[in-house]
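Just so you know, we're using the numbering used here here: the sequence shown kicks off at 414 and counts up by one. Even for Gly, the Cβ is constructed at its ideal location relative to N, Cα and C. Values in this document were obtained by computation on a predicted structure and should not be read as measured data. Below you'll find the structure, written out as structure tokens, and then a few comments.
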Amino acid sequence: MDGKTHFIVGGLAGIGVAKYIGVDLQTAVSFTLLGGCVGLVPDLDVKGTLSKRISLNKKWLILFLGLFGLLLIAYSFDKSSGIERWLGMAAGIALLSMPSIFVKQKMMLMLTGLTVLLAGIAQQSTWLIMLGIYISVASRLPHRSLTHSLIGLAYFGAIGYYLEQDLQIAGLMLVCIMSYASHLILDMKWLPGNRRGIKLFQPFLKKEC
Numbered sequence: 414m415d416g417k418t419h420f421i422v423g424g425l426a427g428i429g430v431a432k433y434i435g436v437d438l439q440t441a442v443s444f445t446l447l448g449g450c451v452g453l454v455p456d457l458d459v460k461g462t463l464s465k466r467i468s469l470n471k472k473w474l475i476l477f478l479g480l481f482g483l484l485l486i487a488y489s490f491d492k493s494s495g496i497e498r499w500l501g502m503a504a505g506i507a508l509l510s511m512p513s514i515f516v517k518q519k520m521m522l523m524l525t526g527l528t529v530l531l532a533g534i535a536q537q538s539t540w541l542i543m544l545g546i547y548i549s550v551a552s553r554l555p556h557r558s559l560t561h562s563l564i565g566l567a568y569f570g571a572i573g574y575y576l577e578q579d580l581q582i583a584g585l586m587l588v589c590i591m592s593y594a595s596h597l598i599l600d601m602k603w604l605p606g607n608r609r610g611i612k613l614f615q616p617f618l619k620k621e622c
């Protein structure tokens with residue numbers, strides 16, 4: 414399924430939880446938006462809608478490395494001599510030319526995850542720390558691996574639990590679980606249009622569902 418479908422169904426799961434619990438309108442809207450976003454979360458292991466939205470912009474990293482490369486070239490030319498000058502200038506040229514080739518979205522997603530992790534440590538926030546770990550690990554995984562399994566569902570459910578404890582809003586954990594589960598269900602092989610399914614019980618069983 415595409416990102417739009419996952420977002421809509423995840424949002425509907427959020428509405429369902431809001432209806433089940435019986436919350437006010439503002440909370441119901443929050444549940445809907447959260448559900449839509451969580452419905453996209455398992456696809457952080459691929460260049461999907463959510464991963465593009467939350468990743469740090471790689472253009473800024475490329476610009477920073479390029480400027481650093483220029484400074485290194487100037488410094489090496491002015492302050493160094495002999496082999497050190499040429500090595501410094503070569504490193505500067507590499508910083509100018511190579512990042513645009515090697516800096517990819519998955520690398521930026523991992524840096525985003527590490528940033529969230531550090532923010533969580535600074536805030537002493539368990540759910541932020543766990544979310545940072547999730548994003549960082551997902552950025553290195555192949556598509557439809559652990560993020561599309563019961564392990565991924567349980568882990569994100571735990572994130573929802575600590576988020577609920579932190580914000581003291583009943584139902585947040587249930588929104589996270591139901592919306593995440595909606596993504597897994599929509600990616601299963603038995604649904605029309607899905608050429609392949611997901612290995613729900615990995616890493617213990619490799620059979621597709």
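Own chain partners of residue i with C-beta closer than 8 angstroms, once the 5 adjacent residues on each side are dropped
i           : result
residue 484 : 505
residue 566 : 590, 593, 594, 597
residue 625 : The requested residue 625 is not part of the displayed model; the chain covers only 414 to 622.
Counted within 10 angstroms of its Cβ, other Cβ atoms place residue i as buried (16 or more) or exposed
i           : result
residue 608 : exposed
residue 694 : There is no way to answer for residue 694, as the model of the chain reaches only from 414 to 622.
residue 617 : exposed
residue 419 : buried
residue 455 : buried
residue 600 : buried
residue 556 : exposed
residue 449 : buried
residue 426 : buried
residue 437 : exposed
Sub-7 angstroms separation of residue i and residue j beta-carbons
i           : j           : result
residue 430 : residue 588 : yes
residue 524 : residue 533 : no
residue 445 : residue 434 : no
residue 549 : residue 576 : no
residue 560 : residue 458 : yes
residue 500 : residue 479 : no
residue 494 : residue 502 : no
Close-in-space but distant-in-sequence residues of the same chain around residue i (CB under 7 angstroms, 5 per side omitted)
i           : result
residue 621 : 602, 609, 610, 611, 612
residue 592 : 423, 426, 427, 448, 451, 452
Near the ligand FAD: residue i beta-carbon under 6 angstroms from a heavy atom
i           : result
residue 537 : You won't find the ligand FAD in this model; it holds no ligand whatsoever.
6 angstroms Cβ shell around residue i - same chain, five flanking residues per side excluded
i           : result
residue 572 : 540, 543, 544
residue 585 : 573, 576, 577
Which residue spans inside the stretch 569-597 form an unbroken beta strand (DSSP E) run of at least 3?
Here no run is fully enclosed.
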